[in-house]
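Report on one structure; see the data block that follows.
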Amino acid sequence: MEYKVLTTDPHSNARHGQIVTEHGIINTPIFMPVGTAGSVKALTMEQVNVAKAQIILGNTYHLYLRPGLDILKAAGGLHKFNSWDKPILTDRGGFQVFSLADRRKITEEGVTFSSHIDGSKHLFTPEKVMDIERIIGADIMMAFDECCPGDADFEYAEQSLAITERWLARCMARFTETEPHYGYKQALFPIVQGCIYPDLRKRAAENVAKYGAEGNAIGGLAVGEPTEKMYEMIALTNAILPKDKPRYLMGVGTPANILEAIALGVDMFDCIMPTRNGRNGQLFTKNGIINIKNRKWKNCFEPIERGGASPLDENYTLAYLHHLFRAEEILALTLASLHNIAFYLWMMDEARHHIEFGDYAQWKDVAIRKFMARI
């Protein structure tokens, strides 16, 4: 994997770059639609392409449980299994394990957990997670860590970081001693943890930076901590992480979160918000956020969006989408999800344009006010 910075914004730390993988080029900053179980919910891969996605996510925990490693290996990896021929990143499953607090036990060896599907017992070690991600075949793999709760006290956060650092050393060793299965190279990103404590974040970032990995991730944010603390931790971390490597902020977030984080030097994002909120009737648009289930849209025959931010553009009206949700038609979930994914990707394209033009910082402030307004 190769990365180069093409342009920087003179009034912030925003940068426009390019990641080159064997499955294609990724222009950054970029948003990555979440395909947890091998699919972006309610969308076909053709529709994800129409939305102009350059890379999607798969989730190690979910894919390991279902369809399972035997199926994925027999298929030739996730790219062939789900017919996505562009880059894929695999989340290591740490957040899923974190969210199963009543179903898991953390030890030095790894994490023992019960499947949410059938209750069966499993053990994830750093070595096993590397082996799983090799079989999935993602272009970018994530190191195994503990995702510390946003409200954890210092003592717990320090213990959590210590085990994450020891697990990272094991992940890097396993990655180095193994080979890809499908004839193309894979990259491994370490993850900076440390909760909301500056000393721990600094220590974590310095430890991650010393590995010289092809990219680095910032984890353990947007998990309950105040938004301003999140921005503080991003700024602190990015001041330490190498400038010549991409930085990935995991699981974030709203349009405002993303645009602020770009200004702090983040290059890659993912979040379930566009599809999850879309399935619940919330549309993100250039002029603000719409709850399409509200009666005010019943007789509104305006298009969902104008001007190229959505592949739906002039084809579907707000009244029609309102009707689909009220009638509980499955098409409602598809159209809303497609629109929201396309909006997020349009937003990233606009961000790249304004970084190149040199006015990203000014554009960002105006865009956040517009995008986050309630219509």
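Our numbering numbers the first residue of the sequence shown as 459 and each following residue consecutively. For glycine and all other residues, C-beta sits at the position ideal for the given N, C-alpha and C. This one's a predicted model, so the numbers in the text were calculated from it and none came from an experiment.
For residue 624 and residue 649, the gap between their C-alpha atoms comes out near 12 Å. Taken in chain order, the unbroken stretches of beta strand (DSSP E) that lie wholly in the region 631-697 and span 3 residues or more are 645-647 and 674-676.
In this structure, DSSP gives residue 540 a helical state, which the three-state scheme calls helix.
When rounded, the separation of the alpha-carbon atoms in residue 593 and residue 489 is 24 Å. Assigned with DSSP and collapsed to three states, residue 761 falls in strand. Nearest to residue 699 by C-alpha distance, out of 709, 681, 724 and 737, is 724.
Counting only runs of 4 or more residues that sit fully inside the region 698-747, the alpha helix (DSSP H) segments are 713-721 and 731-737, in chain order.
With the rule of 3 Cβ pairs closer than 8 Å, the region 675-687 counts as touching the region 598-609.
Comparing C-alpha distances from residue 764 to each of 756, 590 and 774 shows the shortest one belongs to 774. In the structure shown, residue 460 adopts extended strand secondary structure according to DSSP, grouped into three states.
The three-state secondary structure of residue 549, taken from DSSP, is strand. For the set 652, 611 and 752, the Cα lying nearest the Cα of residue 620 is the one of 652. Between the alpha carbons of residue 753 and residue 737 lies a distance of about 17 Å. In the three-state scheme derived from DSSP, where H, G and I count as helix and E and B as strand, residue 599 is classed as strand.
Boundaries of the alpha helix (DSSP H) around residue 789: 788-815.
A buried status is given to residue 718, since no fewer than 16 other beta-carbon atoms sit within 10 Å of its beta-carbon. Comparing alpha-carbon positions, the option among 641, 574, 735 and 745 lying closest to residue 524 turns out to be 574. From the listed residues 742, 800 and 703, the smallest Cα separation to residue 828 is found for 742. The C-alpha of residue 569 is placed about 24 Å away from the C-alpha of residue 531. Boundaries around residue 517 are those of the beta strand (DSSP E), 514-517, since no alpha helix (DSSP H) includes it. DSSP places residue 510 outside any beta strand (DSSP E), giving it a letter other than H or E.
The distance from the Cβ of residue 803 to that of residue 509 is about 6 Å, consistent with a contact at the 8 Å cut-off. Under the criterion of beta carbons closer than 8 Å, residue 707 and residue 659 do not qualify as touching, at roughly 13 Å. Going by DSSP, residue 824 is part of the alpha helix (DSSP H) stretching over 818-829. Fewer than three beta-carbon pairs drawn from the region 754-761 and the region 725-732 are found closer than 8 Å, and the two stretches are therefore not classed as touching.
Rounded to the nearest angstrom, the Cβ distance from residue 599 to residue 632 is 11 Å, too far for a contact under 8 Å. Contact between the region 656-673 and the region 459-466 is established, with three or more Cβ pairs separated by less than 8 Å. Distance between residue 819 and residue 475, taken at the CA atoms: about 17 Å. Looking only at 518, 563, 566 and 798, the smallest Cα-Cα distance to residue 506 is reached by 798. Looking at 796, 806 and 809, the one whose alpha-carbon comes closest to that of residue 769 is 796.
Counting along the chain, residue 581 sits inside the beta strand (DSSP E) bounded by residues 579-582.
In the DSSP assignment, residue 781 falls within the alpha helix (DSSP H) that extends over 776-784. Residue nearest to residue 551 within the set 583, 567, 539 and 542 is 583 (criterion: CA-CA distance). Residue 516 counts as buried, since no fewer than 16 other beta carbons sit within 10 angstroms of its beta carbon.
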